[in-house]
Structures are given as C-alpha cells and as structure tokens.
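Peer 1: If you're matching positions, the sequence shown starts at 0 in numbering that gives the first Met the number 0 and goes up one per residue.
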Amino acid sequence: MVFNNSDWLAQVQEEIIDPDREIIDPHHHLWPQPDMHYNVDEFLADLTSGHNVKQTIFMECGAAYREDGPDHLKPVGETEFVTAAAKDMKARGGPYIAAIIGHADLRSADLDEVLDAHIEASDGLFRGIRHAGSRDTSGATLRIPGRAPERLYADDEFRQGVARLGERGLTYDTWHYHHQNQDFLDLARAVPNTTLVLDHFGTPIGVGPYAGKREEIFAQWKEDVAEIAKCPNVVAKLGGLAMPDNGWGWHERDLPPSSDEFVESQQRWYDHMIECFGAGRCMLESNFPVDRLSISYPVLWNGLKKIAAKYSEVEQRALFEVTARRIYRL
C-alpha cells in the first residue's frame with residue numbers, strides 16, 4: 000500500500016462539521032517502512048486537519064517487529080515503536096496515542112510472557128491484542144488479504160488465549176470477513192468473560208466473486224449482526240468500510256468521494272449496527288491510513304458526523320468518545 004495520495008484527496012474540500020465535538024479515534028495504524036510510509040508526521044497532519052481529535056488508539060499492523068530474539072516476542076517491537084511515537088506526539092502538545100493494541104499468537108504456550116513484555120514495553124498504554132481471523136478462499140484478489148489459518152476461531156488453544164485476555168483484564172480485537180461472522184458468533188459465546196471488539200463491520204467484501212452481490216451480502220450480514228449483538232461481551236467498531244476490498248471503487252476514480260456520497264453509500268450499515276448494539280457499545284473509527292486510500296480524514300469524519308446527527312447528544316458522545324474511553328480504559 001502506498002499512501003502518497005494527498006494531492007488526489009485534496010480535490011475534495013469541505014467545511015468541517017461540528018468542529019468542537021471531541022473525538023477519540025479508536026483505530027489507526029502507523030508504518031515506518033519506506034514502501035508504505037505513514038508515521039507520526041503524516042498521521043498528525045491528518046489528525047489536525049480540522050476535527051477535534053483528542054486521543055487515538057493504535058491498532059497492530061505488523062510494523063517494526065523485532066528483527067532478532069525469540070519469534071514469539073518479535074511483535075513486542077511494534078509496541079516499543081508505538082510507545083516512542085506516543086511520547087513524541089504528546090510532547091508536541093496536540094492529539095496523541097493513548098492506548099495500544101498489540102499482537103500475539105493467542106495459541107502460544109508462551110502467551111503470558113508475550114503479554115508481560117507488551118505491558119512492560121508500553122509505558123502503561125497496552126490494552127489488548129488483535130489476532131485477526133480473516134481468511135477468504137474465494138479467489139478474490141484482495142488489496143489487504145487475511146492470512147489466518149482455517150477456522151482459527153474454533154481452535155481450542157486460540158479460544159483459551161482469548162479467555163486468558165479476559166482473565167488479565169485485556170481486550171480482544173478481531174478482523175474477519177462477512178462470511179466468517181457465524182464463526183465469530185460461536186467464539187463470542189465461548190468466551191463470555193472477555194470483551195471482544197468487532198472491527199470494520201466484519202468487513203463485507205465487494206470485489207472478485209462478491210462484486211454485484213452487495214444486497215445479498217447485506218441481507219445475511221444484518222441477520223448475523225443481530226445475533227452477534229445478543230452477546231453482551233461484544234462491542235463494535237464502526238468504520239473501515241472505505242477500504243478498496245469493500246468494493247466501492249473510490250480509490251480508482253478521478254475524484255475521491257464527498258461526505259454526502261459516503262453517507263449515501265454507507266449509512267444503512269452504520270444504522271443497523273447502532274440499532275442492534277446501541278450507541279453505548281459502538282465507537283466510530285477512521286481505520287487510517289487504510290481508508291485514506293479512498294477518502295480524506297476531514298471528509299470521512301464529516302460523513303461520520305452526518306450519519307450520527309440523528310442520534311441524541313448522549314448517543315453521539317458515546318459514538319465519538321465515551322465508548323472508546325470505557326472499553327480501552329483511557
């Protein structure tokens with residue numbers, strides 16, 4: 000992925016809606032490597048582009064792993080990298096990273112050692128693990144392909160690892176595709192004492208063999224979400240629907256979408272999640288810089304504010320900040 004599309008994104012400029020509303024962005028990444036560079040300076044340029052973002056939550060993305068030492072501890076390098084980035088951002092006096100979700104193989108017999116190492120490296124910022132379950136065997140050419148083993152969510156050792164997170168007061172974030180929602184539902188029922196955060200709506204794919212099937216996928220997705228929402232240990236992160244793999248094709252156009260087009264395309268997905276989970280179990284996210292491939296930060300949050308406008312002030316505060324504060328203990 001290459002994120003040097005600022006000139007393309009700048010073609011759509013909008014006045015910031017509700018500019019004083021406080022936002023916690025509960026899902027973003029940083030990548031220091033040259034081939035897909037998005038680090039503190041680039042992130043701060045987006046964060047300070049008009050909306051009142053106060054704090055953020057970093058989500059693991061395979062960045063800056065340790066190059067030596069035991070394999071199971073290599074992901075701790077990412078937490079070390081992000082902890083330094085958080086200190087840098089806070090020293091600048093603006094928005095800053097307030098929590099870190101790292102990675103560990105939840106099937107590992109050394110899980111507690113890895114969790115301890117993340118905690119020690121994080122200067123108090125570590126909050127949980129994402130060990131993604133995303134796997135698709137349809138033959139779709141995905142921009143961000145999941146690489147999880149088959150039926151990871153049903154693996155006994157994996158479930159024991161997710162349960163261990165709950166025992167230690169840590170959260171489990173997940174990322175999977177729409178056709179894996181039933182597997183995730185089974186996992187949620189099996190680990191009732193761990194808080195599970197469902198990322199990106201369960202990523203409805205809209206490319207390859209799924210192209211042209213949006214209505215069929217939406218109908219099944221609605222049923223799946225309604226069942227998942229019955230699990231009180233699951234909360235939902237609403238965003239990440241502007242990824243190329245969602246099939247809108249925005250990243251291939253001459254002009255990026257406006258916030259009105261974003262709302263027209265995606266409002267019903269957000270409304271159903273909020274209806275099923277309630278605002279107190281939902282949080283709005285940017286998924287930057289991945290969604291930056293399709294839409295700018297100011298336009299995205301304008302769209303999210305338009306989607307949220309019909310809800311009460313208490314519900315809007317939950318969506319934009321309160322749920323994130325509670326779930327990630329900010």
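Note that the Cβ used here is the ideal one computed from N, Cα and C, for glycine as well. Computed from a predicted model, the values in this text were never measured in an experiment.
Taking residue 59 as the reference, which of 247, 28, 202, 113 has the closest Cα?
Peer 2: Nearest of 247, 28, 202, 113 to residue 59, Cα basis: 28.
Peer 1: Is it true that the CB of residue 175 sits closer than 9 Å to the CB of residue 134?
Peer 2: Yes, the Cβ-Cβ distance between residue 134 and residue 175 is below 9 Å.
Peer 1: Can you tell me whether residue 88 is helix, strand or coil according to DSSP?
Peer 2: Helix at residue 88.
Peer 1: Start and end of the alpha helix (DSSP H) containing residue 192?
Peer 2: Segment: none, residue 192 is in no alpha helix (DSSP H) and carries neither H nor E.
Peer 1: Answer yes or no: does any C-beta atom of chain E fall closer than 9 Å to that of residue 36?
Peer 2: Chain labels in this structure do not include chain E; a single protein chain is all it has.
Peer 1: To the nearest angstrom, how far is it from the Cα of residue 277 to the Cα of residue 301?
Peer 2: Each residue's alpha carbon lies about 21 Å from the other.
Peer 1: Rounded to a whole number of angstroms, what is the C-alpha to C-alpha distance between residue 189 and residue 72?
Peer 2: Using only the alpha carbons, I get a separation of about 27 Å.
Peer 1: Considering only the beta carbon of each residue, do residue 288 and residue 30 sit closer than 9 Å?
Peer 2: Yes.
Peer 1: Name the DSSP beta bridge partners of residue 236, please?
Peer 2: In the DSSP output, where bridge partners are listed per residue, residue 236 has 282.
Peer 1: How should residue 196 be labelled, buried or exposed, when 16 other C-beta atoms within 10 angstroms of its C-beta is the threshold for buried?
Peer 2: When all chains shown are included, residue 196 counts as buried.
Peer 1: Assess contact between the stretch 7-27 and the stretch 49-57, defined as three or more Cβ pairs (one per stretch) separated by less than 8 Å. Is contact present?
Peer 2: Taking 8 Å as the limit for Cβ pairs, the verdict is that the stretch 49-57 does touch the stretch 7-27.
Peer 1: Which residues in the same chain have their Cβ closer than 7 Å to the Cβ of residue 106, if we skip the five residues on either side of it in sequence?
Peer 2: Cβ within range, chain order: 154, 156, 157, 160.
Peer 1: Using 10 angstroms around the beta-carbon of residue 82, count the other beta-carbons present and answer buried if the total reaches 16, otherwise exposed.
Peer 2: So residue 82 ends up on the buried side.
Peer 1: From this set, 63, 255, 51, 215, which residue's C-alpha is nearest residue 32's C-alpha?
Peer 2: Nearest C-alpha to residue 32: 63.
Peer 1: Go to residue 57, then tell me how far its beta strand (DSSP E) extends in each direction, as first and last residue.
Peer 2: Start and end: 51-58.
Peer 1: What distance in whole Å lies between the Cβ atoms of residue 271 and residue 313, which are believed to be in contact at a cut-off of 8 Å?
Peer 2: The pair is not a contact, with the Cβ atoms about 20 Å apart (cut-off 8 Å).
Peer 1: Any idea what DSSP makes of residue 24, helix, strand or coil?
Peer 2: Three-state result, residue 24: strand.
Peer 1: Alpha carbons only, please: which of 67, 111, 121 is nearest the one belonging to residue 100?
Peer 2: With distances taken between Cα atoms, residue 100 lies closest to 121.
Peer 1: Starting from residue 30, follow its DSSP beta bridges and name the residues at the other end.
Peer 2: Bridge partners of residue 30: 37.
Peer 1: I need the DSSP call for residue 167, collapsed to helix, strand or coil.
Peer 2: Here residue 167 sits in coil by DSSP.
Peer 1: Use the C-beta contact count for residue 258: other C-beta atoms within 10 angstroms, 16 or more gives buried, fewer gives exposed.
Peer 2: So residue 258 ends up on the buried side.
Peer 1: Output yes or no for whether 9 Å exceeds the beta carbon distance between residue 255 and residue 206.
Peer 2: Not a contact, by the Cβ cut-off of 9 Å.
Peer 1: How big is the Cα-Cα spacing for residue 162 and residue 232?
Peer 2: Whole-angstrom Cα-Cα distance: 12 Å.
Peer 1: For residue 265, is the classification buried or exposed, using 16 other Cβ atoms within 10 angstroms of its Cβ as the cut-off for buried?
Peer 2: Result: buried.
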